[in-house]
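Following: one structure in structure tokens, then a few remarks.
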Amino acid sequence: MTVFGASAMAERVLDGADEADAGGASPVRLPALMRMASFYFEKMLHYAQEEAQPNQAVAKSLHLLYLFMARVESSGPLDELSEGTDGILNYLTTIMAHFPDRPLRMKARFCMLAVFRALDEPRRCEAMMARVEACQYPSIRASLLSAMKEEMAQALRRGGSHGGKSESTTDKESPFLAGPAIRCMLSALALPAADLLEESDAVLASLNILRYLLLVGARGQGPGLIRPGHLRELRSRTVPSIEAFLRDFQSQREEQDKAGGGMGEGDEEWSKHLLMNTLQMEHVLSLVKESLSQ
1 MTVFGASAMA
11 ERVLDGADEA
21 DAGGASPVRL
31 PALMRMASFY
41 FEKMLHYAQE
51 EAQPNQAVAK
61 SLHLLYLFMA
71 RVESSGPLDE
81 LSEGTDGILN
91 YLTTIMAHFP
101 DRPLRMKARF
111 CMLAVFRALD
121 EPRRCEAMMA
131 RVEACQYPSI
141 RASLLSAMKE
151 EMAQALRRGG
161 SHGGKSESTT
171 DKESPFLAGP
181 AIRCMLSALA
191 LPAADLLEES
201 DAVLASLNIL
211 RYLLLVGARG
221 QGPGLIRPGH
231 LRELRSRTVP
241 SIEAFLRDFQ
251 SQREEQDKAG
261 GGMGEGDEEW
271 SKHLLMNTLQ
281 MEHVLSLVKE
291 SLSQ
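Position 290 of the sequence shown, counting from 1, maps to 290 under the UniProt record's numbering, and the rest follow consecutively.
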């Protein structure tokens with residue numbers, strides 16, 4: 001079996017599901033379709049390792065997965081987390097974290113977002129929160145946090161502000177505007193100071209979310225999204241802690257520059273990335289402080 005052989009089999013499954021819908025036959029149940037997507041995606045990634053052109057094989061695998069997710073989304077969304085969902089997300093996380101080809105890493109990210117879109121809003125929020133909490137890669141957590149921020153923004157645009165209504169949740173508030181989701185989105189800000197540099201991608205994402213929450217709160221769009229106790233903690237502990245970290249980092253850089261040291265040549269790109277993150281953190285933090293003081 002090859003990637004393209006497995007792909008042909010999977011495409012026949014999708015064609016059969018479409019024909020069943022068009023002919024009025026009993027449709028393929030969405031949880032079963034998600035399990036089949038997981039099965040074929042796993043098989044294709046396994047066979048991709050044996051292909052002469054693995055990049056093309058992985059790209060084909062991702063394309064087929066995207067078609068499966070589009071099919072589930074158009075017929076759903078899925079109102080339960082099937083056993084195949086976690087497996088798909090785990091494989092996509094591995095590709096995003098370790099695959100050397102950047103375009104394929106981006107395709108994996110698009111596929112991950114497609115998996116989330118195939119779920120209804122409560123399950124989507126649950127799956128995204130679980131992925132944020134379990135993921136060990138700061139850059140991927142940052143991507144997930146940014147995606148959660150967009151879900152929150154969409155809920156606010158729908159009029160689903162705290163205690164209000166949203167199209168997808170009828171008379172219930174969007175789960176992306178509830179306390180657990182807000183705490184998850186701001187979770188990187190509560191990391192120990194010793195971890196802030198290594199986790200700077202996620203910290204910057206959470207800082208941007210905090211800035212957004214403060215802005216929409218000031219405009220009256222999402223008042224009360226940050227609980228008073230949490231707001232006090234952010235003002236009295238979190239912001240000062242990040243400020244202290246940034247001061248220490250700047251001092252260390254100045255000392256290294258004076259000594260003519262710094263990171264090794266192999267770490268130059270990573271060092272520049274961290275430096276850019278800290279500069280952006282400093283800028284966003286100043287905006288956050290300004291909003292908190294009003």
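Even for Gly, the Cβ is constructed at its ideal location relative to N, Cα and C.
Values in this document were obtained by computation on a predicted structure and should not be read as measured data.
Per DSSP, the continuous alpha helix (DSSP H) segment holding SER271 begins and ends at 268 to 292.
For LEU231, DSSP records no beta bridge to any residue. Collapsing the DSSP output to three states places LEU78 in a strand.
For THR93, the enclosing alpha helix (DSSP H) stretches over residues 83 to 98. Collapsing the DSSP output to three states places LEU197 in coil. For LEU225, the three-state secondary structure derived from DSSP is coil. Under the three-state reduction of DSSP output, LEU119 falls in the strand class.
By the neighbour-count criterion, in which 16 or more other beta carbons inside 10 Å mark a residue as buried, GLY84 falls on the buried side.
Three or more Cβ pairs closer than 8 angstroms define a contact, and the region 112 to 121 falls short of that threshold against the region 179 to 197. Annotated three-state conformation of GLU243 is helix, per DSSP.
In this chain, SER187 is not harboured by any alpha helix (DSSP H), its DSSP state being neither H nor E. In its chain, beyond the 5 residues on either side, PRO31, ARG123 have a beta carbon closer than 8 angstroms to the beta carbon of GLU80.
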